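Residue numbers for the sequence shown follow our numbering, beginning at 17 and rising by one.
Backbone N, C-alpha and C fix where the C-beta goes; we use that ideal spot for every residue, glycine too.
All of these numbers come straight from a predicted model, not from anything done at the bench.
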Amino acid sequence: MLPQFGTAIRKNLNKGVSADAAGSTPDKASVDAAWLVLEAANDLGDQVAIDACRRVIDAELNGTVAGRADLDLVLDYFR
Numbered sequence: 017m018l019p020q021f022g023t024a025i026r027k028n029l030n031k032g033v034s035a036d037a038a039g040s041t042p043d044k045a046s047v048d049a050a051w052l053v054l055e056a057a058n059d060l061g062d063q064v065a066i067d068a069c070r071r072v073i074d075a076e077l078n079g080t081v082a083g084r085a086d087l088d089l090v091l092d093y094f095r
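Following this line, the structure appears as structure tokens:
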């Protein structure tokens with residue numbers, strides 16, 4: 017399966033994303049996006065995005081809260 021980029025992935029991801037200003041536990045779509053963005057950010061050498069993706073992925077694995085800024089970066093990365 018080919019990864020989705022741009023508008024198609026944002027439409028799919030934004031369906032289930034809801035969080036307060038402090039952050040939220042990432043949903044499955046946010047974590048899937050974080051993996052896609054992590055791959056692209058690694059290719060581009062974008063350390064800020066790499067770190068944000070890792071925090072979102074770690075939050076999902078640990079059941080903790082992902083920061084709103086990290087989620088926003090991940091979801092808006094391909095805009």
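Check	Outcome
Helix, strand or coil at Asp-59 according to DSSP, with G and I counted as helix	helix
Exposure label - Ala-85; buried when at least 16 CB within 10 Å	exposed
Asp-92 in three-state terms, based on DSSP	coil
Leu-77 burial status per 10 Å Cβ neighbour count (16 or more: buried)	exposed
Exposure of Val-90, with buried meaning 16 or more beta-carbon neighbours within 10 Å	buried
Assumed close pair Ile-66, Trp-51 - CB separation to whole angstroms, cut-off 8 Å	Contact flag wrong, Cβ pair sits at about 12 Å.
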